[in-house]
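Here's the structure we're looking at; comments come further down.
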Amino acid sequence: MVVDGIGASVKRKEDLRFLSGRGNYVDDMNRPGQTFAHFLRSDVPHGKLNKVDISAALKMPGVVAIFTGDDFTGVGGIPCGWQIHSKDGTPMVEPRHPVLAAGKVRHVGDPIAMVVAETKQQAKDAAEAIILDIETLPAVAGLTAALAAGAPLVHDEAAGNICFDWHIGDKAAVEAGFAKAHKIVRLDLVNNRLVPNAMEPRAAIGDYDVSSGEYTLYTTSQNPHVIRLLMGAFVLSIPEHKLRVVAPDVGGGFGSKIFHYAEEAALTWAAGKVKRPIKWTADRTEAFITDAHGRDHISTAELALDAEGHFLALKVNTQANMGAYLSTFAPSVPTYLSATLLAGVYKTPAIYAEVKAVFTNTVPVDAYRGAGRPEATFLLERIVDVAAREMNMDRVEIRKKNFIPKEAFPYQTPIALQYDSGDYMATFDGCLKAADYAGFEARRKASAAKGKLRGIGISTYVEACGIAPSAVAGALGARAGLYEVANIRVHPTGSVTVFTGAHSHGQGHETTFAQLVSEQLGVAHDMIDIVHGDTGKVPFGMGTYGSRSLSVGGSAMVKAMDKIIDKGKKIAAHLMEADVHDIEFKDGKFSVVGTDKAKTFGEIALTAYVPHNYPIEELEPGLEETAFYDPKNFTYPGGCHIAEVEIDPDTGTVSMISFTAVDDIGRVINPMIVEGQVQGGIAQGIGQALLEHAIYDESGQLLSGSMMDYTMPRADDIPNISVGMEVTLCTHNPLGSKGVGEVGAIGSPPAVINAVVDALRDYGVRHVDMPATPAKIWALIDAYHPKMAAE
Amino acid sequence: MPQISLTVNGKPASATVEARTLLVELLRDKLHLTGTHVGCDTSQCGACTVQVDGMSVKSCTMLAVQADGANVLTIEGLVNADGSLHPMQAMFREYHALQCGYCTPGMVMSAIDLVETHPEGLSEEQIRHGLEGNLCRCTGYHNIVKAIAAAWPLMHNKALPVAAE
């Protein structure tokens, strides 16, 4: 009987070290003989770098070395991992992204020089003594400015600042749908630019061992093997057997720590030059101007409906900001991670989407929690609400009328994806009930009696995660397959170490993965250790993003454990002189079916390593197995989110009253951790909807560049969040799990905005772009009552 | 450079620091107490919260020299000699009030101050307001609020009064 197996809310193994201050984050580490780096960064958005004079700085106290762009001409640029082709078949424009700026600076924060000194302060002081001659060039900070005729070019080779002009879907079928439409609803939307702001700023230590010639990079990464591959093979030409990448405890990622950043390459390369370790830790200001931002799409959506409210066709045109350079996954976000989700949970028969990716003089934009799917969901759930209103239909009815029915799975959408399982009516009805949707009008009246405007908003969603079926990803432009790897080592006395390519930076893998092992091998939870985040220990792995750790990484573990059990059966058959086909493994014991003969897992493990009696001719000793797992399809979590808000019409302030989610994430391993993941994602979604916005001024300066200016959600901005589950199993992985990391951030923003628009329904408000700040809301209310404002 | 002496987690400590050295830099870089974290440059996130002479302080906002002679308590000092956890640490674990763990030490230190300074009781609203100075990006605060409410009775040895409303 397994007590800490699948389905138990086991308390987390990792908590004890985090709660007692014994975590091991990169900035907590120090290497013998360590020096410190400080990056001098551009404070102009766009400029010609005429001269970087380091002569005075070199004489400053404690300076070990100073490197500039000229030192990096012999190494590669920072690579992009995904290639998109434009409508005309041409590959995306992929300008060189130098490690340190060469010739030009292209955004505020672009690194120009790296100062290496004995102390952090000395490195900073010396950077102040570097004399820069930068000729400021006109910049483009936003999508509209970058696409204007005659706009300044971020890269000379990208005409019109276009990176690619892509499309998907059947345009003719969509036009036919529009031709027979009873009603066409059109909506312009902005998906606001966000700063991920994991609480731990990025940090890295480059180290070089002069005796072995081996480089080690300690870095705040969600995927150390990906960093080793990209940096070793494409930037620095260091073979992988001489390059180790370690990502120890990492303080949150949310996507921003997937990508290979220039600082990692600069520190690793320079450590080989100065032959001492070099440590760098970003301050928060640096995080704002160097960590890849998220979202930043402008879209126009048109939905064609028949007279009964059935969706006939959907047409979407999106402009997506790439920033100044292409970050690791950037091209995939507005295309295959967003446009392919435009069917949502609806059986819309024809969909066509166009996406123009655009360079601007801003920080690169890439995947942030949800990555593309929140943008698709926001667009869809907003236009469905607008359509309901303009068709005089109920928002619940119009959704129910268009849901993909549960009998229709597997369901092929008109835009590439095939959903394997789901029951959208179940999550929808479950959420309406949990949120007491039926009782809302009474609550609205009660708020009105207090002079408050109350609104309720519904959002439904499906997302594609469990990234990714490698052949499909390859066909869509991924430059690498997205397998996951598990190596399971059973020790002689029966304890177990799991080496996984997935990385935990808050997800609690050390606990949930151990639950998988406990369930399958019957080993006690505290006899299992999960090792991750070190290319020197883990054979390989593509890391953690796209809600893939359990559905892909966990499936690899299941496969490896199957191999362990198969081998254990052979050893047991030999020991008990039985046929291997008569051996059964259950509850941690190998037994001969129909007899009372049995061997414990520990006995088999001991025999595997230190046998007196072993089938040595037929079977290698040892009990350690490795498995690769490549998913057959994406996984498709779905669900319904309902937000309830109250607006103070005098100030425009939106208060979150309640938030209810009912999700289908497939099999749940640890309900406590799952609820925490959903709640955290929803808080980020509420942040996007009401508070957060990375704003550049026209010249390209980031105005919201600190936590004093950028509104992070605080405890009193977030309500209690009710989380429920209505599970259907994933049909194509051995666990039946779909993924939970991103659902909260995907489903929640449109629920909040739909609630805000509902609250303002008597003020002629059709749409509110995010974030719905008090100033924006107050202006909408004020515009409707011009006389009152004048009084 | 100034020489300072102070008590940290009940033990005497001394160090030579630059005048511009922050208390958090002293703790992390000189005394190797890396449980106290730095999450921002603007005193917004609270990851560096410690207690100085019984008061909750953001250690990025105080110079090390200002702590000369002070009694400083950090997250490392909360664990009892027998290895058992402070009630606030225990409730954070019980209620899954941490994910990546980075904001956690500062959050726990602030939460202890909040409970200690409210012997009359704490409503959910007071807890949420009381956490204004601490950012968490992982949990959505839901479970942190629950953990603090659960720690109050353990720290005050009586039931948490039900808020009158």
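Just so you know, the sequences run in chain order X and H.
Residue numbering for the first sequence follows numbering that gives the first Met the number 0, starting at 0 and increasing by one per position.
Residue numbering for the second sequence follows numbering that gives the first Met the number 0, starting at 0 and increasing by one per position.
We put the beta carbon where it would ideally sit given N, CA and C, even for glycine.
Proximity below 8 angstroms, CB of residue 601 of chain X to CB of residue 683 of chain X: no
Meets three-Cβ-pair contact criterion under 8 angstroms: the region 265–282 of chain X and the region 344–352 of chain X: no
Residue 465 of chain X Cβ short of 7 angstroms to the ligand ADP heavy atom set: In terms of ligand content, the structure shown is empty, and the ligand ADP therefore cannot be addressed.
Own chain, CB closer than 6 angstroms to residue 33 of chain X, minus 5 neighbours either side, in chain order: 276, 278
Cut-off 6 angstroms between Cβ atoms - residues of its own chain near residue 17 of chain H, not counting five sequence neighbours on either side: Once the five neighbours on either side are set aside, the close Cβ partners of residue 17 of chain H are 0.
Contact set for residue 176 of chain X: own chain, Cβ-Cβ below 8 angstroms, skip 5 residues either direction: 303, 311, 312, 348, 349
The region 242–275 of chain X: positions lying closer than 9 angstroms to chain H by Cβ: Here the close residues are 248, 249, 250, 251, 252, 253.
Distance between beta carbons of residue 106 of chain X and residue 44 of chain X, contact taken as under 8 angstroms: 6 angstroms
Minimum Cβ-Cβ distance from residue 504 of chain X to chain H less than 8 angstroms: yes
Three-state secondary structure (DSSP) of residue 373 of chain X: helix
Residue 258 of chain X - containing beta strand (DSSP E), residue span: Where residue 258 of chain X is concerned, there is no enclosing beta strand (DSSP E), given that its DSSP letter is neither H nor E.
Nearest-angstrom beta carbon gap, residue 85 of chain H and residue 77 of chain H [assumed within contact, 8 angstroms]: 4 angstroms
Residue 142 of chain X versus X:695, X:747, X:716, residue with shortest Cα-Cα distance: Considering only alpha carbons, the answer is X:695.
Assumed close pair residue 745 of chain X, residue 771 of chain X - CB separation to whole angstroms, cut-off 8 angstroms: Residue 745 of chain X to residue 771 of chain X, Cβ: 18 angstroms. No contact.
Where residue 213 of chain X sits in the DSSP three-state scheme: strand
Under 7 angstroms from the C-beta of residue 681 of chain X: neighbouring residues of chain H: Ordered by position in chain H, the residues that pass the 7 angstroms Cβ test against residue 681 of chain X are 139.
Per-residue DSSP class, three states only, for residue 783 of chain X: helix
Whole-angstrom C-beta distance between residue 129 of chain H and residue 160 of chain H, which should lie under 8 angstroms: Not quite, the Cβ-Cβ distance comes to about 16 angstroms (not below 8 angstroms), so this is no contact.
Cut-off 8 angstroms between Cβ atoms - residues of its own chain near residue 364 of chain X, not counting five sequence neighbours on either side: 192, 291, 292, 293, 294, 295, 319, 320, 321, 322, 326, 329, 332
Cutoff 8 angstroms: residue 164 of chain H Cβ touching any chain X Cβ: At residue 164 of chain H the pLDDT is 41, less than 50, meaning the model places this residue with poor confidence; the figure from the coordinates comes in the next sentence. Closer than 8 angstroms to the CB of residue 164 of chain H there is not a single CB belonging to chain X.
Every unbroken beta strand (DSSP E) within the region 65–119 of chain H, with a cutoff of 3 residues, ordered by chain: 70–72
Start-end ranges of the alpha helix (DSSP H) lying completely within the region 603–679 of chain X, minimum 4 residues: none
Helix, strand or coil at residue 424 of chain X [DSSP, three-state]: helix
Whole-angstrom C-beta distance between residue 77 of chain X and residue 98 of chain X, which should lie under 8 angstroms: 7 angstroms
Spatial neighbours of residue 788 of chain X in its chain, beta-carbon cut-off 7 angstroms, leaving aside the 5 residues before and after: Its pLDDT being 46, under 50, residue 788 of chain X is placed unreliably by the model, and nothing is read from it.
Residue 158 of chain H in three-state terms, based on DSSP: coil
Listed by chain order, chain H residues near residue 200 of chain X by CB distance under 9 angstroms: 37, 38, 39
Contacts of residue 10 of chain X in chain H (Cβ-Cβ under 9 angstroms): 92, 93, 95
Residues sharing a beta bridge with residue 488 of chain X, DSSP: According to DSSP, residue 488 of chain X bridges with X:496, X:623.
Boundaries (first-last residue) of the beta strand (DSSP E) holding residue 116 of chain X: 110–116
Proximal residues, the region 141–162 of chain H versus chain X, C-beta separation under 8 angstroms: Along the region 141–162 of chain H, going in chain order, the ones with a CB nearer than 8 angstroms to a CB of chain X are 141, 142, 143, 144.
Listed by chain order, chain X residues near residue 84 of chain H by CB distance under 7 angstroms: 18
Expected contact under 8 angstroms - CB spacing of residue 378 of chain X and residue 188 of chain X to nearest Å: 6 angstroms
Run of the beta strand (DSSP E) containing residue 320 of chain X, from where it starts to where it stops: 310–322
Distance between residue 565 of chain X and residue 237 of chain X (C-alpha atoms, nearest Å): 39 angstroms
Residue 483 of chain X - partner residues in DSSP beta bridges: X:628
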